[in-house]
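Engineer: Can you read through this structure? Questions will come right after.
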Amino acid sequence: MMNWKTDISEGKVLCLICEELHDLEEVQCRRCSASISQRKPSSISQTWAYVLAATLFLIPANLMPMMVVTSMGTDEGSTIMEGVIYFLAHKEYGLGLIIFVASVAVPIFKLSVIYFLLLIIAFKQKEKAKLGLKLFHIIHCIGKWSMLDIFVVALMVSMVQFQGLATIQTGAAAISFCGAVIFTIIASEKFDPRLMFDK
Amino acid sequence: MKKTACKDCGLVIEIESFDATHQYSCPRCKSVFYRPGESFDLVLMMAISAFLFFIPTLFLPILTLTIMGQSHSVTLLEAVLFFFHDGYYVIAIIASSVGVFIPLVLLFMIMMLIIPAKIGKPIRKLKGLFRYYEHLLPWSMAEVYLVSIFVAIVKLAGMATLKLDVGLVLFVFFLLSYYVTVTWFNAEDLWNHYDELED
Ligand SMILES: [Zn+2]
């Protein structure tokens with residue numbers, strides 16, 4: 000194994016905002032005045048807390064209706080999966096796939112990756128650090144797309160308002176889904192990938 | 000000579016002759032830590048045109064829906080305000096923040112950071128803005144919003160006759176030019192530029 004020079008071995012602190020390198024004793028970046036520390040403070044416990052919260056929110060998000068369409072007196076609620084099936088039934092396979100990936104696959108994948116990263120650190124599996132980092136970059140790129148269905152519902156609610164004829168309302172799942180997405184983003188922001196590489 | 004550390008693995012990196020037009024990645028974890036951006040003039044032009052596209056979308060109709068003889072056209076401002084009127088505060092605030100307001104704030108910050116640098120008068124206080132720029136970036140989801148507009152339109156086409164209006168086209172242009180601005184904007188170059196101005 001090669002002996003790499005790291006910020007810890009060299010006694011340096013990197014500012015995560017402007018990427019200026021400082022000496023260990025400094026607590027504030029002299030370039031952008033952000034507060035700095037060698038590793039994100041209490042990164043692991045905060046990541047655990049947010050990822051658990053996100054998991055809890057994801058369960059009702061998938062079971063309850065996302066959107067309720069009232070058309071001529073009848074209410075019809077649909078969950079995320081029912082929304083996907085609607086598109087498939089109407090031969091809109093592309094859109095069905097987009098919604099499925101964005102609202103079902105991406106959120107579950109994101110949470111699994113964060114759990115995996117936390118376990119890498121918990122069990123000191125340093126040789127898995129590179130794989131973990133690759134996955135971390137992937138969830139960073141695709142994470143935002145899980146908000147897609149929420150936006151669709153929000154847009155439809157605001158566009159379709161016909162007194163007495165048809166209205167669309169957001170269901171209970173919408174709020175819990177937002178919660179799940181927001182907590183997942185915070186969890187991955189709190190996570191410090193450098194901890195996987197540290198001795 | 001440039002000395003920094005890898006954000007992702009903590010490796011201390013020294014580059015003998017740094018070239019701002021090259022992409023650099025970490026020798027240990029292969030993460031890209033420097034990506035060249037476009038010139039500030041181009042970024043500024045894109046940011047201004049994004050604003051110019053945005054302003055009229057507030058007042059021009061986005062689309063017109065017709066269900067069983069009833070027609071209704073919606074402007075962006077109406078769509079957002081209606082949402083608040085109807086009491087869907089949480090979803091309304093989340094969707095309009097991450098889809099529209101945060102992108103607007105980011106555009107504004109980019110302009111506030113570039114213009115003083117261009118005039119050659121860096122403003123100390125404005126540098127503090129930068130902290131917020133990096134923290135806000137994960138919360139900006141304009142590109143997701145853009146795709147969700149198209150999904151919502153396809154979904155609505157099944158329930159109503161709809162006519163797309165000029166406001167929608169401008170809004171799409173706004174989101175696209177926003178996305179290009181953020182991709183082209185290289186924060187680190189701006190920091191180096193500020194350093195040169197102060198020396
Ligand atoms: Zn690295």
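Those protein sequences? They're chains A and B, same order as listed. Following numbering that gives the first Met the number 0, the numbering of the first sequence begins with 0 at its first residue and continues without gaps. Following numbering that gives the first Met the number 0, the numbering of the second sequence begins with 0 at its first residue and continues without gaps. Virtual Cβ for every residue (Gly too), placed ideally from N, Cα, C.
1. Going straight from the alpha carbon of residue 86/A to that of residue 150/B, what length do you get?
2. Listed in chain order, which residues of the segment 127–158 of chain A have Cβ atoms closer than 7 Å to some Cβ of chain B?
3. Give, in chain order, every residue of the segment 124–152 of chain B whose Cβ lies closer than 7 Å to some Cβ of chain A.
4. Between which two residues does the alpha helix (DSSP H) harbouring residue 76/A extend?
5. Below 8 Å, can you find three or more Cβ-Cβ pairs linking the segment 5–21 of chain B to the segment 104–122 of chain A?
6. My output table needs one value for residue 13/A: the three-state DSSP class, helix, strand or coil.
7. If contact is defined by three or more beta carbon pairs under 8 Å, each pair taking one atom from either stretch, is the segment 129–136 of chain A in contact with the segment 122–137 of chain B?
8. I'd like to confirm the pairing. Which residues does DSSP put opposite residue 33/B in its beta bridges?
9. Which one or two residues does DSSP pair with residue 69/B in a beta bridge?
10. Starting from residue 14/B and walking both ways along the beta strand (DSSP E), at which residues does that stretch end?
11. So, is residue 21/B buried or exposed, given that buried needs 16 or more other C-beta atoms within 10 angstroms?
12. Using CA coordinates, which residue listed in 17/A, 69/A, 25/A and 24/A is at the minimum distance from residue 170/A?
13. Please confirm if residue 2/B has its CB atom under 7 Å from at least one CB of chain A.
14. Strictly under 7 Å for the Cβ-Cβ distance: is residue 17/A near chain B by that measure?
15. List, in order along the chain, the chain A residues whose C-beta lies closer than 7 Å to that of residue 11/B?
16. Please list the partners that residue 114/B has in chain A, where partner means a Cβ-to-Cβ separation under 7 Å.
17. Starting from the beta carbon of residue 7/B, find every residue of chain A whose beta carbon is closer than 7 Å, and list them in chain order.
18. Among the residues of its own chain, which have a CB less than 8 Å from the CB of residue 23/A, if the five just before and after it don't count?
19. How big is the Cα-Cα spacing for residue 146/A and residue 17/B?
20. Do the CB positions of residue 83/A and residue 95/A come within less than 7 Å of each other?
21. Since residue 173/A and residue 90/B are thought to touch, with beta carbons under 8 Å apart, how far apart are those beta carbons, to the nearest angstrom?
22. Looking at residue 118/B: is its Cβ nearer than 7 Å to the Cβ of residue 46/B?
23. Compare the C-beta of residue 196/A with all C-beta atoms of chain B and state if any pair is closer than 7 Å.
24. Go ahead and pull the three-state DSSP assignment for residue 66/A.
25. Counting only the same chain and skipping the five closest in sequence on each side, list residues whose C-beta sits under 8 Å from that of residue 70/B.
26. For residue 53/B, which residues from the same chain have a beta carbon less than 6 Å from its beta carbon, with the 5 sequence-adjacent residues on both sides left out?
27. Per DSSP, residue 21/A forms a beta bridge with which residues?
28. Taking the C-alpha atoms as reference points, what is the distance between residue 17/A and residue 66/A?
29. So with Cβ pairs under 7 Å, would you call residue 92/B a contact of chain A?
30. Quick check for students: name the residue ranges of the beta strand (DSSP E) that lie wholly in the segment 99–179 of chain B, counting only runs of 3 or more.
31. I need the straight-line Cα distance from residue 123/A to residue 117/A, nearest angstrom please.
32. Counting C-beta neighbours from all protein chains within 10 Å, is the total for residue 99/B 16 or more, i.e. buried, or is it exposed?
33. Just to make sure I have the definition right: I need the residues of chain B whose C-beta is within less than 8 Å of the C-beta of residue 29/A. Which are they?
34. Which residues, in chain order, does the segment 173–189 of chain A contribute to contact with chain B at a C-beta distance below 7 Å?
35. Within 7 Å (strictly less), CB to CB, does residue 169/A reach chain B?
36. Could you have a look at residue 61/B and say whether DSSP puts it in helix, strand or coil?
Structural biologist: Quick answer:
1. 10 Å
2. 129, 132, 143, 144, 146, 147, 149, 150, 151, 153, 154, 155, 156, 157 and 158
3. 126, 127, 129, 130, 133, 137, 140, 143, 144, 146, 147, 148, 150 and 151
4. Element bounds for residue 76/A: not the alpha helix (DSSP H) but the beta strand (DSSP E), 73–77.
5. no
6. strand
7. no
8. 23/B
9. 66/B
10. 11–14
11. exposed
12. 69/A
13. yes
14. yes
15. 4, 5, 6, 9 and 11
16. Simply none; closest approach about 18 Å.
17. 132, 192 and 193
18. 10, 11, 12 and 37
19. 39 Å
20. yes
21. 5 Å
22. no
23. yes
24. strand
25. 63 and 64
26. 173
27. 12/A
28. 42 Å
29. no
30. 160–163
31. 10 Å
32. buried
33. The contacting residues do not exist; residue 29/A stays about 11 Å from chain B at best.
34. 173, 174, 177, 184 and 188
35. yes
36. strand
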